[in-house]
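Q:
In the UniProt record's numbering, the protein residues as written are 1 to 163.
#1: Just to check my reading of the structure: residue 68 and residue 134 have Cβ atoms closer than 8 angstroms, yes? What is that Cβ distance to the nearest angstrom?
#2: If contact is defined by three or more beta carbon pairs under 8 angstroms, each pair taking one atom from either stretch, is the stretch 77 to 85 in contact with the stretch 130 to 145?
#3: Sort 126, 137 and 142 by Cα distance to residue 151 and report the nearest one.
#4: When the Cα of residue 37 is compared with those of 21, 16, 124 and 10, which residue comes out closest?
#5: Go ahead and pull the three-state DSSP assignment for residue 74.
#6: Which residues does DSSP list as the beta-bridge partners of residue 151?
#7: What are the start and end residues of the alpha helix (DSSP H) that includes residue 52?
#8: In angstroms, rounded to a whole number, what distance separates the CA positions of residue 89 and residue 65?
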């Protein structure tokens, strides 16, 4: 876990923004504040390979859920794996840890927005148990936007927070 504004996190989130420009023609314009990824309201992870940052992802919660989301939702943002590290399980590992930590923080459902020009992301989420839900967020009216959700499993150590 690193702060969203840690240099390694900033490097990877800038790379994902560049990836969005290549795939969609622009950066992700949805609003993000670094404090949203500060526990307990959120979390940001950076994965390393041989000391080099290669993967990232975070979740944030909303004190007042925006339209389309429910109280208790945690939203995934900035999932990314550098091209040279893809295919090695980093995305699945980061996703599993985001789910685990969100559930441990008392969240009941993980939600996310992605796009049709990211078929590998859609395949990851679907193979991890995510189902398509009505669109929410900044890109809810965009044709290429897709939103997904997964109910989180409550574990014995977080049941008192989730119930």
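A virtual CB, placed ideally from N, CA and C, is assigned to each residue, including glycine. These numbers were taken from a predicted model, which means no experiment stands behind them.
A: Taking the definition as stated:
#1: That pair is a contact at about 6 angstroms.
#2: no
#3: Looking at 126, 137 and 142, the one whose alpha-carbon comes closest to that of residue 151 is 126.
#4: 10
#5: strand
#6: In DSSP, residue 151 forms a bridge with 109.
#7: Bounds of any alpha helix (DSSP H) do not take in residue 52; it lies within the beta strand (DSSP E) bounded by 52 to 61.
#8: 31 angstroms
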